[in-house]
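560 is the number that the UniProt record's numbering gives the last residue of the sequence shown; the numbers go up by one with no jumps.
Don't be surprised by glycine CBs; every beta carbon is placed ideally from N, CA and C.
Down below is the structure, laid out as structure tokens.
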Amino acid sequence: MNSSQLSTGNWWSTLKTSAQSLLGLIPVFQSTAGPVLECSPSALSSFLPSHASIINAVPVQANGTWSQPSPPFPHPATGLPALCAITVNVISSTTSSFNFGLFLPDEWNLRFMGSGNGGFGGGINWNDMESSALSGFASMSTDTGHTSSVPDASWALHNPETQKDWGYRAMHESVELAKVITQKYYNSKIKYSYFSSCSTGGRQGLKELQMFPEDFDGVISAAPAWWTSHLQPWHLTMSLWNLPLNGPNHIPSSLFATIIAAEVMKQCDPQDGLIDGIISNPEGCIFVPETLLCGPKSDKSKCLTASQLNTLDKSFSDWVDTNNTFLFPHLSRGAEAQFGGFMSYADSGLPHPMGTTWVSNFLLNLTTTDYDWATNFDFRTVQLGDETNPGQANADDFDLSPFAARGGKLIHYHGYSDGLIPATASIYLHQQILRSLIPKGVSTPSFYKLYLIPGLLHCSGSIGDAPWYIGGGGQHSTLGANVKSIPGFEDPRHDVVLALMRWVEEGVAPEELVATKFVDDRVEKGVRRQRLVCPYPMQARWDGAGDPDLAESWACKGLH
Ligand SMILES: *[C@@H]1O[C@H](CO)[C@@H](O)[C@H](O)[C@H]1NC(C)=O
Ligand SMILES: *[C@@H]1O[C@H](CO)[C@@H](O)[C@H](O)[C@H]1NC(C)=O
Ligand SMILES: *[C@@H]1O[C@H](CO)[C@@H](O)[C@H](O)[C@H]1NC(C)=O
Ligand SMILES: [Ca+2]
């Protein structure tokens, strides 16, 4: 096809779009445009600055596959819509560069969607890009300047420029350049730009709206790893509480997932008024850990000693240090299955690398082998992290008023059963944002909402068949390939992306959302349960009569 034929197509789709919205026949959500340029490096190179180059631009046919595997994203994106798959390399300093990927679907919904990363992992998130492309978005993700698995930060050692790429720079510059390519490819302005991601991705979304409030009209920040210089030392601390392996304080991984988690569920589940395997109000649960104590004749594989209870107490308490300084909030009840695996790190006798690798490679300029975590870690380590803030990664600028003033919207959610980044870190962030904005007269509910989802683990999956799926970052691929929106429930009440779009584009703020649990997390097996999730601090309360597996039997209520 030559470009004049393609231009005609674009002109026609623009006209169609305007006519459809004028007539009100089809919601604006559904208007589309198509490409005016060829999908090839030569057609796309000319708009890029000299420090950026197209590595490839490859047409993918409908139901096609795209794969550029990396440790965090080893699986190919399959069942794609017809699109142009682009990879761009960008030189970010004399010692660093990063790549970003861009999917430009033939049938484009006029919108842009950024996706993020996990942990310290380096790789393009083709899987989240796939689910966005299936919904018609021009979708983008960056490898943040390195290739590595999620817990591996060895790339950060003596590498401050790449730290900065991971901290914020690769995302911002990728967004800027990806938008240029998108608008040229379709010869059409992007109507709205969004971001949706979890964990490090949640941090990247916050970092963007804090530093570059113009980049996105709407952001979904899930389980954000926002407080890097405290979160990573806390990961190390959590492990140290549970070491040494043969010490009296050590709780083996087997006890967390079974004995402890079961006792917490037994005590906390009914306190919300319904025994359903879901702890709806973990922060409100009164938990008596002494029921776990071994008696003189107990089977020691099914109970805890007093020393072990002390370790458990620490995980359920805020981390405070010298002079009672608050360092990091506590784990919530119901997160034991996940945090137990983390704290005991497969009973290896070593601390989890999410803590040690950051402290050594980012902060102390030491290899992980040279770093002696047993003797070289204390309060001063955290203070050093606050002072140097490696890679400027902390997303702790609580004054979101520039983002609010430009009409941006933020949906922030977190799973209560998250054992890697506790939900309380999001509650604390929410508090700090309110404390920054309310004195300035900025109304937070008009642009920012927090949702805490009972039973949701870190980003996806849940405990006790708790409904968790809302179509957020990293969630679609947990249900399998080719999953788009919420199958059977493609609407702004069930799909957090559609909720954000409606808020940004039509000014209709989300209130309660509905989370879905498919049987065994397989869509084809049908819906197991649905449940309201409420804007914090409201909670879902059962009406006492209807089927508790149906969302309509629940209502969002304020705290008593
Ligand atoms: C899509 O491709 C897969 C193989 O990759 C094939 O099994 C499937 O039938 C195809 N679906 C359609 C609708 O063509
Ligand atoms: C703790 O408080 C004491 C007394 O106010 C002060 O001298 C000291 O510097 C503080 N230590 C830290 C680590 O902040
Ligand atoms: C680590 O190296 C950076 C420069 O890359 C320097 O700014 C920082 O002070 C060093 N930290 C320590 C603890 O030596
Ligand atoms: Ca319950």
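Asked	Found
Please determine, among E552, S553, V496 and G464, the residue with the shortest C-alpha to C-alpha distance to L268.	Correcting the residue identity first, residue 268 is Cys in this sequence and not Leu. Closest option to C268, Cα to Cα, is G464.
What does a CB cutoff of less than 7 Å around Q432 pick up in its chain, not counting 5 residues either side in sequence?	F398
Quick check on G334: does DSSP put it in helix, strand or coil?	coil
Of all residues in the structure, which have a C-beta closer than 7 Å to any heavy atom of ligand 3, taken in chain order?	H158, P160, L363, L364, N365, L384 and T388
Since F377 and L209 are thought to touch, with beta carbons under 8 Å apart, how far apart are those beta carbons, to the nearest angstrom?	About 33 Å separates the two Cβ atoms, so there is no contact after all.
Our contact map puts S199 next to I453 with C-beta atoms below 8 Å; I'd like the distance itself, whole angstroms only.	S199 to I453, Cβ: 15 Å. No contact.
Using beta-carbon positions only, say whether N56 and G79 come within less than 8 Å of one another.	no
Relative to the alpha-carbon of M501, which residue among V36, K409 and P76 has its alpha-carbon at the smallest distance?	K409
Run through the DSSP bridge pairs and tell me what N56 is partnered with.	T87
Using C-beta distances below 7 Å, list every residue in its chain close to D396, excluding the 5 sequence neighbours before and after it, in chain order.	W226 and W227
Below 8 Å, how does it come out for the region 173-189 and the region 362-382: are there three or more Cβ pairs, yes or no?	no
In this structure, does DSSP put V28 in helix, strand or coil?	Interpretation of V28 is limited by its pLDDT of 48, a score under 50 that renders its predicted location unreliable; no figure is taken from the coordinates.
With a CB to CB cut of under 7 Å and the five nearest residues on each side skipped, what residues in its chain are close to F326?	D318 and V320
Return yes when the C-beta of G79 is under 7 Å from any heavy atom of ligand 1, and no when it is not.	yes
Quick check on DSSP: helix, strand or coil for C303?	coil
Confirm the yes/no value for this check: CB of N187, any heavy atom of ligand 1, distance under 7 Å.	no
From the DSSP output, in three-state form, read off N99 for me.	strand
Is there at least one non-hydrogen atom of ligand 4 closer than 7 Å to the beta-carbon of D276?	yes
Taking the beta carbon of K164 as the centre, do at least 16 other beta carbons fall within 10 Å, making it buried, or is it exposed?	buried
For the beta strand (DSSP E) containing residue 563, name the first residue and the last one.	Within the shown structure, residues of the chain are numbered from 1 to 560, placing residue 563 beyond reach of any answer.
Is it true that the CB of G167 sits closer than 8 Å to the CB of S92?	no
Got a sec: does ligand 4 put a non-hydrogen atom nearer than 7 Å to the Cβ of I54?	no
With burial defined as no fewer than 16 other Cβ atoms inside 10 Å of the residue's Cβ, what is the status of D491: buried or exposed?	exposed
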